[in-house]
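Inspection log for the structure reproduced underneath, given as structure tokens.
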Amino acid sequence: MSERAAPFYCPYCGDEDLRPSTEGHGAWECASCNRAFRLSFIGLLAKGLRRDPHEGATAL
Numbered sequence: 005m006s007e008r009a010a011p012f013y014c015p016y017c018g019d020e021d022l023r024p025s026t027e028g029h030g031a032w033e034c035a036s037c038n039r040a041f042r043l044s045f046i047g048l049l050a051k052g053l054r055r056d057p058h059e060g061a062t063a064l
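Its first residue numbered 5, the sequence shown is counted upward by one per residue in our numbering.
And the structure:
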């Protein structure tokens with residue numbers, strides 16, 4: 005696994021012209037919309053992802 009994963013696109017404008025910011029770990033700058041943002045990993049969920057078996061079911 006890599007030490008730092010890069011985002012593929014800006015979460016604000018969707019452009020791919022991103023550069024690491026000098027503001028620290030996980031900070032990125034978008035040259036297209038001139039915004040800066042930070043990405044961070046919070047942690048793993050204890051129970052994992054569970055889906056409701058009735059979710060998305062349609063009644064006849």
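Cβ atoms here follow ideal geometry from the backbone N, Cα and C, with glycine treated the same way.
Practice task
List the endpoints of the continuous beta strand (DSSP E) containing A40.
Solution key: R39 to R42
Exercise for the section: Helix, strand or coil for R55, going by three-state DSSP, please let me know. Expected result: coil
Handout entry: Alpha carbon of R39 to alpha carbon of E20, nearest angstrom
Key = The straight-line gap from Cα to Cα measures roughly 13 Å.
Practice task
Report the rounded CA-to-CA distance for L43 versus C37, giving the unit in angstroms.
Solution key: 17 Å
Exercise for the section: Determine which residues share a DSSP beta bridge with A31 and list them. Expected result: R42
Handout entry: Alpha carbon of W32 to alpha carbon of T26, nearest angstrom
Key = 8 Å
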